[in-house]
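Numbering (this note's numbering), first residue to last: -13 to 110.
Take a look at the structure:
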């Protein structure tokens, strides 16, 4: 019986130590847990603004002020742009540029806008 109480005491002490270490190091591991949190599907320009998908050159505030009834930005594109922003630690405008260049590259278009397909007619 005494060994059971001793075992419970040791388990309590170990649990208290683990809890203390976890609490003391929360600033290290806490930000890493943010990516696992639920993020609701956005359906308006207001939620796009809250997600950081606006800038001086791509101003969504005007859409909100004018009570634009559209659904907001394209879900797939905005998710990819948010991923680029997070992965490459860049601004919204830089991420949009990277997204545009990637999309153009996937569609066989060079950065100047000309098609890379040798069969494409670019001059008449």
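All C-beta atoms in this analysis are idealised placements derived from N, C-alpha and C, irrespective of residue type, glycine included.
For residue 41, same chain residues with a beta-carbon under 6 Å away, outside a window of 5 residues either side, are 78, 79 in chain order. A direct Cα-Cα distance of roughly 49 Å separates residue 33 from residue -4. In terms of CA proximity to residue 61, 31 leads the group 93, 96, 31, 50. Among the bridge pairs identified by DSSP, residue 101 is matched with 95. In this structure, the CA atom of residue 10 is about 16 Å from the CA atom of residue -1. Under the three-state reduction of DSSP, residue -1 is assigned to helix.
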